[in-house]
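Written below as structure tokens is the structure these notes are about.
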Amino acid sequence: MSDTKTAVSGSGSAKELTLRGILLGGIITLLFTAANVYLGLKVGLTFATSIPAAVISMAILRGFKDSTIWENNIVQTVASAAGTLAAIIFVLPGLVMIGWWQGFPYWTTAAITGTGGILGVLFSVPLRRALVVDTDLPYPEGKAAAEVLKVGSESREGAAESSKGLSVLLWNGLASAGYAILTQTRLFAGEAATWFRVGAGATGGGFTLSFALLGVGHLVGISVGLAMFVGVIVSSGILLPILTAQNPLPGGPEAWAGQIFGDDVRFFGAGVIGVAAIWTLLRIAGPVIGGVRSAMAASRARHAGEALSVEERDLPIAIVGAGSLVMLFAIGWLLYSVIASGPLAGAEVSLIAGAVVFVAVIGLLIAAVTGYMAGLIGASNSPVSGIGILSVVAAALMLAGLFGRDTPPETTA
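Residue numbers (the numbering used here): 135 to 547.
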């Protein structure tokens, strides 16, 4: 412990925030975001990028004699944003699916992701004490990334470990790309599915072989894999046959099962996530309030000239509040620019007021739930897609409360 403290205390002259570190982190973020977007749209899962980014960073920066563990930490911190950036795929594609957008307008999309991302970062400041300091959450992926960085900081052992890790990543990437080429050229079958009757109902089963999914399974672990397997059994083996028997539709079992699964079974899963989210909020409500109070107390102590401990050196709560207001104003302006030229023109005031309050309240709740889940089972296992479904349902309820259900068809297109 004393050696660690000495190393940390002497880190003032060590390289940490460097241009090459930021550039490397940006390149890794670009690649991993693309991978996360693909997997998220395909199977509804994203993966945390900190650990593979740390391995890649150590292997590349090993070629520079003055590279340090702190610089590697900056790289993996920048790259960890890949999973967060990809989470937008659980919301924006819905606008295309319902016909509201014909594509993804670049500046509008950038403004949505930018304002929402900055607001989420600001929300995380008062949550830090509740989720990190005053808790015993294991943060499995964070601790694993720390261990990877510690191993990489060792001289020879770190070099061998990081080189081996990079070699594994490269060979697995080549194998995955090769198999993807074979499946796309129809030389190999990538998927197989069948639908069949079960009594008066219908269900089905399928098989997909993907190296990317194998990698995701390796990252999320066996406990999450078993939980998803139980979900498959409950949804396809129990709920689907019951619901298709109660609501027979024209066509064969494939038509029954496909429509019922999309219309009903998915919402069972969203409801389970909703109950878990509410339970999580009840558990951490007290610590979150305590975190806000401690942040305000630390701000008063800072203004009084008192020296603060490392645990209290957060972004001042006044800056957090002012920044949040600025982002909420920007979100309101963005909503106005979209609403003013559409079929909802004339209802801007009520819509924007309700939406801004909704974003502030629900956004903070979602930040708390996803942060808690990341600390409990890791960011790769955080149910971002389910939380997205719940937020959309909550937004629909808000709109129904504001305008009622008897609205012209053009306003719900």
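Where is the CB? At the ideal position from N, CA and C, for every residue including glycine.
Cβ shell of residue i (< 8 Å), same chain only, five flanking positions each side left out
i	result
L175	I223 and P227
S369	F395, V399, F402 and G403
G522	A221, F224 and V225
F238	L226 and V230
T249	M461, A464, I465 and L468
T247	L219 and I222
A309	F345
F492	A528, A529 and M532
Residues of its chain near residue i, where Cβ-Cβ distance is below 7 Å and the 5 sequence neighbours each way are ignored
i	result
F395	L374
D200	K149
I486	G466, L469 and Y470
A215	T163
I185	E275, A278, A279 and V282
V212	I156, G159, G160 and T163
L360	none
A494	L462
G420	none
L498	F257
Where residue i falls, given that 16 or more other Cβ within 10 Å makes a residue buried
i	result
V302	exposed
Y240	exposed
P272	exposed
D448	buried
R263	buried
Q210	buried
S258	buried
G505	buried
A534	exposed
V454	buried
T319	exposed
S232	In the sequence as displayed, the identity of residue 232 is Ile instead of Ser. Label assigned to I232: exposed.
I315	exposed
Q380	exposed
S428	buried
G538	exposed
A182	buried
L151	exposed
A474	exposed
L153	exposed
L348	exposed
G217	buried
F198	exposed
A168	exposed
F363	exposed
Close Cβ partners of residue i (< 6 Å) along its chain, the five nearest in sequence each way excluded
i	result
V549	Lying before the first or after the last residue shown, residue 549 is absent from the chain, which here runs from 135 to 547.
G155	E205, I208 and V209
G146	Confidence in G146 is poor, its pLDDT being 46 and thus under 50, which makes the residue's placement unreliable; the coordinate value appears in the next sentence. Answer for G146: no residue qualifies.
G254	A501
L256	V454, G457 and S458
G365	none
I252	M461
M430	I451
V426	P260
First through last residue of the alpha helix (DSSP H) which encompasses residue i
i	result
I465	I451 to I473
P382	Neither: P382 is in no alpha helix (DSSP H) and is coded neither H nor E.
V212	I203 to A213
F257	Y240 to R262
V189	S184 to L195
L229	P227 to M231
Residue i Cβ short of 8 Å to the ligand ADP heavy atom set
i	result
N207	Summarising the ligand content, the structure contains no ligands, and the ligand ADP is consequently not present.
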